[in-house]
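Working notes, beginning with the structure itself.
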Amino acid sequence: MANLNVMQWGDSKAAKVVVGLHGITANAGAMTEPARMLANKGWKFVAPDMRGHGESTRSNGDFSFDSLIADFASNIPLEPDVLIGHSFGGTLAQIGVLQGVFKPKSLVLEDPVSYFPDKQTPLDMLAWDEDNLPHDIEGLISMNPKWSRLDAAWKLLSLEQVDFDDARSAFAGNAPWDLRDSAIDLMKITPTIWVLPEDSRFVSVDDKKKLEQDLGTDAIYVIPNVGHSIHRDDTELFVEIVEKISEGS
Numbered sequence: 003m004a005n006l007n008v009m010q011w012g013d014s015k016a017a018k019v020v021v022g023l024h025g026i027t028a029n030a031g032a033m034t035e036p037a038r039m040l041a042n043k044g045w046k047f048v049a050p051d052m053r054g055h056g057e058s059t060r061s062n063g064d065f066s067f068d069s070l071i072a073d074f075a076s077n078i079p080l081e082p083d084v085l086i087g088h089s090f091g092g093t094l095a096q097i098g099v100l101q102g103v104f105k106p107k108s109l110v111l112e113d114p115v116s117y118f119p120d121k122q123t124p125l126d127m128l129a130w131d132e133d134n135l136p137h138d139i140e141g142l143i144s145m146n147p148k149w150s151r152l153d154a155a156w157k158l159l160s161l162e163q164v165d166f167d168d169a170r171s172a173f174a175g176n177a178p179w180d181l182r183d184s185a186i187d188l189m190k191i192t193p194t195i196w197v198l199p200e201d202s203r204f205v206s207v208d209d210k211k212k213l214e215q216d217l218g219t220d221a222i223y224v225i226p227n228v229g230h231s232i233h234r235d236d237t238e239l240f241v242e243i244v245e246k247i248s249e250g251s
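The numbering used here applies: residue 3 is where the sequence shown begins, and numbers increase by one.
This is the structure in structure tokens:
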């Protein structure tokens with residue numbers, strides 16, 4: 003088991019708790035903007051650095067799904083009011099709920115990686131990131147103009163912290179996987195919503211249509227004018243969605 007670094011915003015005794023799981027090569031600080039906003043609204047927001055990311059240890063170097071989920075089980079609240087999973091964090095959130103490790107009152111999947119057909123696809127994505135992501139705040143903001151400077155600063159830090167070989171072990175080492183047919187099972191376990199950009203690398207147009215057919219349009223939020231990190235590109239709207247599902251509407 004890895005010893006995870008965990009960030010927290012808000013009153014430690016707050017009645018409402020949200021847990022946020024970041025994506026590959028990121029860190030807990032990626033959740034700072036929505037975490038601050040929710041903390042100001044009376045929530046406690048908890049976000050761990052995934053094994054081998056941020057300030058968390060890499061333990062024995064095992065980045066299997068089972069090890070990543072076991073880390074969470076030993077380090078963070080498992081029955082929050084809302085569990086948010088972004089990108090690869092959305093992969094882990096789905097698996098954790100399906101396995102009964104996470105028992106949130108509601109689940110928010112933000113552009114989750116529910117499907118990889120092979121190992122090469124995630125390898126190619128990480129290779130592009132390693133070669134092309136800027137290592138300065140201005141460059142990251144130029145690439146992501148709706149991010150705050152704080153968003154860019156945390157991303158810059160995460161790129162300095164992560165070992166891309168570890169990221170490959172987690173992202174490609176677990177591939178292929180396919181969680182798309184588990185959507186109905188997730189909804190049976192806990193109220194779940196998918197928050198997606200109009201143009202998603204990870205949830206195809208056909209997959210969006212299937213989600214709507216299987217779960218109804220209320221389970222799918224397609225947000226215009228945002229990229230993969232909706233919580234960064236439109237923080238206020240993202241927080242509104244989190245509050246809405248927490249209220250059961």
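Glycine is no exception: its CB is placed at the ideal position from the N, C-alpha and C atoms.
Residue pairing from DSSP leaves H230 without any beta-bridge partner. If you look at E112, you'll find it in the beta strand (DSSP E) that goes 108 to 112. Taking the Cβ atoms as the reference, Q163 lies roughly 6 Å from G56, within the contact range of under 8 Å. The DSSP-derived three-state label of D120 is coil. Counted as a single uninterrupted DSSP element, the alpha helix (DSSP H) harbouring A154 occupies residues 151 to 163. Ranked by Cα distance from A37, the first of V241, K190, Q96, D187 is V241. Just measuring C-alpha positions, the residue of F104, S171, D133 sitting nearest F74 is F104.
By the neighbour-count definition (other C-beta atoms within 10 Å, threshold 16), V207 is an exposed residue. Contact between the region 56 to 73 and the region 116 to 131 is absent, with fewer than three C-beta pairs closer than 8 Å.
Every alpha helix (DSSP H) of 4 residues or more that sits fully in the region 174 to 225 is shown, in chain order, as 185 to 191, 207 to 217. Straight across, the Cα-Cα distance linking F204 with N42 is about 32 Å.
Secondary structure within the region 62 to 102: the beta strand (DSSP E) runs of 3 or more consecutive residues, fully enclosed, are 84 to 88 (chain order).
DSSP places V115 outside any beta strand (DSSP E), giving it a letter other than H or E. A direct Cα-to-Cα measurement between M33 and R234 gives close to 8 Å.
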